[in-house]
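Structure, as structure tokens:
There are 2 protein chains.
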Amino acid sequence: MSEEKIRVGLVEDQLLFRQGLKAILSYQKDIEVVFESADGYSVIEKLSAGKDLPHILLVDLSLPPNGKKEYNGLQLTDDICSQFPDIRVLILSVHNDDNLIAQLIQHGAAGYLVKDCDPHEVYDAIQSVHVKGTYINETALKAIQSNLGKRSKPKALSAALNLTKREIEILQLICQQNTTEEIAEKLFISPKTVDGHRNNLLQKTGSRNTVGLVLFAVSQNLLSK
Amino acid sequence: MSEEKIRVGLVEDQLLFRQGLKAILSYQKDIEVVFESADGYSVIEKLSAGKDLPHILLVDLSLPPNGKKEYNGLQLTDDICSQFPDIRVLILSVHNDDNLIAQLIQHGAAGYLVKDCDPHEVYDAIQSVHVKGTYINETALKAIQSNLGKRSKPKALSAALNLTKREIEILQLICQQNTTEEIAEKLFISPKTVDGHRNNLLQKTGSRNTVGLVLFAVSQNLLSK
DNA sequence: TCAAAAACAGGTATAAATACCTGCTTTTAA
DNA sequence: TTAAAAGCAGGTATTTATACCTGTTTTTGA
């Protein structure tokens with residue numbers, strides 16, 4: 000397992016940063032930096048040559064355009080994954096945007112690192128990707144979790160019109176699938192009181208039944224807590 | 000860092016498997032199995048007691064129902080994440096379904112392991128989750144990648160729970176605040192049939208009542224047509 | 001073509017929610 | 001300070017939902 004070194008390719012336009020990375024990685028005895036590149040196009044060319052293929056590519060997200068055409072880390076990731084599926088892409092970026100991270104992962108990136116991370120994390124990430132195929136840290140996981148299944152963010156949390164604090168409280172408990180009895184227990188009040196609050200809620204929200212209450216709560220973003 | 004042991008809780012109904020896990024983990028000097036549980040309900044109870052809280056919960060996906068009510072690993076994950084956000088949930092499962100995995104991650108699981116993985120991977124996963132907060136292996140990454148783009152496909156995630164076309168239809172009508180009778184009229188079937196479908200939905204989604212169904216439908220984007 | 005899954009539909013229960021009442025106390029705000 | 005609003009809680013009654021059975025027919029897929 001430890002006989003062969005992990006072959007790493009660096010794709011980063013800033014020379015100084017690239018050299019620094021190389022220095023850090025070359026210090027590790029199980030890593031070999033097999034090539035460097037300052038832009039995306041030359042990466043594809045070099046890989047197409049077909050020798051000394053890296054296991055892992057460390058790719059800067061914000062690569063410079065080649066000539067007139069834009070060719071950033073996201074596009075490069077796409078191309079690498081389709082043309083060289085055996086090569087893993089580890090993204091480096093200064094940004095820390097959930098949607099961006101999720102998008103990159105979706106396009107086949109094996110992991111995401113912010114540029115100001117600990118040097119040791121880069122090494123960890125490379126090892127992790129080499130062994131398991133992935134490196135998802137907490138930041139990336141959060142990005143993924145918040146983007147799985149979501150499409151758009153209305154986020155218009157309207158301060159629920161006429162609802163009182165207690166009514167909102169009851170509504171939230173209803174939306175947690177509690178029965179009237181259970182809500183009463185949790186709030187130390189009579190089930191009849193809960194009943195009364197729910198009836199007020201039905202009336203205020205114009206709902207026919209609990210289903211309407213839940214939909215209202217969802218639409219008003221009352222379930223975030 | 001290595002002074003304190005990683006406190007792990009096991010949630011697994013099969014005694015033999017649980018004991019085996021415990022044996023494997025106890026062998027590691029930096030891991031301490033602080034409690035075991037055979038079902039989801041007792042986990043919440045134990046955690047609510049509030050002492051010896053585990054850092055990480057190893058949770059079997061297919062937990063047995065408590066009495067008549069279903070309470071599987073997915074629901075437990077939900078509850079742990081909302082009630083005990085500091086505790087990380089690592090899912091163990093025999094299944095290897097992309098949609099299922101993505102769904103679990105989305106619901107807050109820190110990682111996913113198949114039950115026939117190498118014992119060493121369990122240890123790796125626990126360490127990884129403890130240090131980085133996550134453990135996403137290649138299998139899980141693929142699941143995530145293939146699901147990140149499916150946001151506009153309502154049926155995608157529902158398929159993980161094997162909802163039939165008819166069940167989805169019923170679910171949508173329920174979410175439009177129709178009663179069982181009304182749904183029956185609209186679909187020209189018996190109310191008893193609607194009843195049956197709704198019961199299947201409750202079972203499949205692991206919901207306690209209609210509220211759960213609505214929340215499920217919302218989360219799965221089944222209401223946008 | 002054959003077996004499995006889905007859809008269908010019935011019974012019998014109980015649990016829960018909903019629709020109206022009534023009246024009382026506490027909190028809030030003019 | 002005082003009236004209104006909110007919260008509380010009881011009653012009765014009905015409707016709806018849920019649980020757990022049973023079974024048949026239809027559709028689906030290997």
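Quick note, the sequences are listed as chains A and B, same order. Numbered by numbering that gives the first Met the number 0, the letters in the first sequence go through residues 0 to 224 in order. Numbered by numbering that gives the first Met the number 0, the letters in the second sequence go through residues 0 to 224 in order. From the three backbone atoms N, C-alpha and C, an ideal C-beta is built for every residue, glycine too.
Just to confirm the assignment, what range does the beta strand (DSSP E) spanning residue i have?
| i | result |
| --- | --- |
| Tyr-111(B) | 110 to 113 |
Just tell me which of the options has its CA closest to the CA of residue i.
| i | options | result |
| --- | --- | --- |
| Ser-81(A) | Lys-50(A), Ile-43(A), Val-58(A) and Val-93(A) | Ile-43(A) |
| Leu-140(A) | Ile-169(A), Lys-164(A) and Leu-112(A) | Leu-112(A) |
| Ser-127(A) | Glu-184(B), Ile-135(B) and Val-121(B) | Ile-135(B) |
| Asn-71(B) | Gln-102(B), Phe-187(B), Asp-38(B) and Asn-95(B) | Asp-38(B) |
| Leu-60(A) | Lys-21(A), Glu-180(A), Gly-49(A) and Gln-102(A) | Gln-102(A) |
| Pro-118(A) | Ser-25(A), Val-217(A) and Asp-12(A) | Ser-25(A) |
| Leu-56(B) | Ile-5(B), Gln-175(B) and Gln-176(B) | Ile-5(B) |
| Val-93(B) | Leu-73(B), Gly-110(B) and Lys-114(B) | Lys-114(B) |
| Gly-110(A) | Thr-138(A), Lys-185(A) and Lys-50(A) | Thr-138(A) |
| Ile-125(A) | Cys-174(A), Ser-41(A) and Lys-21(A) | Lys-21(A) |
| Ala-142(A) | Glu-168(B), Gln-105(B), Cys-116(B) and Ile-167(B) | Gln-105(B) |
| Val-32(B) | Tyr-122(B), Gly-195(B), Asp-97(B) and Gln-13(B) | Tyr-122(B) |
| Leu-201(A) | Gly-19(A), Lys-185(A), Phe-16(A) and Leu-162(A) | Leu-162(A) |
| Val-84(B) | Gly-132(B), Leu-212(B), Ile-100(B) and Gly-195(B) | The sequence given here places Pro at residue 84(B); Val does not occur at that position. Here the closest residue by C-alpha is Gly-132(B). |
| Leu-221(A) | Asp-78(A), Gln-13(A) and Glu-166(A) | Glu-166(A) |
| Gly-205(B) | Gln-13(B), Arg-17(B) and Leu-75(B) | Leu-75(B) |
| Leu-46(B) | Lys-185(B), Val-130(B), Val-7(B) and Asn-177(B) | Val-7(B) |
| Gln-27(B) | Glu-3(B), Ala-48(B) and Lys-50(B) | Glu-3(B) |
| Asn-177(B) | Gly-211(A), Cys-174(A) and Lys-203(A) | Gly-211(A) |
| Ile-225(B) | Ala-108(B), Leu-99(B) and Asn-95(B) | What is shown of chain B runs 0 to 224, which leaves residue 225(B) out entirely. |
| Arg-87(A) | Leu-52(A), Gly-195(A) and Leu-15(A) | Leu-52(A) |
Where DSSP assigns a beta bridge to residue i, which residues make up the other side?
| i | result |
| --- | --- |
| Phe-215(B) | DSSP output for Phe-215(B) lists no bridge partner at all. |
| Phe-83(A) | Paired residues: none, contrary to the question. |
| Asp-59(B) | Leu-91(B) |
Mind checking which residues open and close the alpha helix (DSSP H) that includes residue i?
| i | result |
| --- | --- |
| Ile-100(B) | 97 to 105 |
Can you tell me whether DSSP reads residue i as helix, strand or coil?
| i | result |
| --- | --- |
| Leu-14(A) | helix |
| Lys-224(B) | Caution applies to Lys-224(B), whose pLDDT of 49 falls short of 50 and renders its modelled position unreliable; the value that the coordinates give is listed next. Here Lys-224(B) sits in coil by DSSP. |
| Asp-78(B) | helix |
| Tyr-122(A) | helix |
| Lys-67(B) | Unreliable positioning characterises Lys-67(B) in this predicted model, as indicated by a pLDDT of 47, which lies under 50. The coordinate reading is nonetheless provided below. Note: Lys-67(B) maps to coil in three-state DSSP. |
| Ser-1(B) | With a pLDDT of only 48 at Ser-1(B), under 50, the local geometry of the prediction cannot be trusted, and no value is derived from it. |
| Asn-208(B) | coil |
Would the C-beta of residue i count as close to the ligand NAD, meaning under 7 Å from any of its heavy atoms?
| i | result |
| --- | --- |
| Gly-8(A) | No copy of the ligand NAD appears in this structure; indeed no ligand is present at all. |
Inside the region 129 to 205 of chain A only - alpha helix (DSSP H) runs reaching at least 4 residues = 137 to 146, 164 to 174, 179 to 186 and 190 to 204
Whole alpha helix (DSSP H) elements within the region 6 to 54 of chain B, 4-residue minimum | 14 to 25 and 39 to 48
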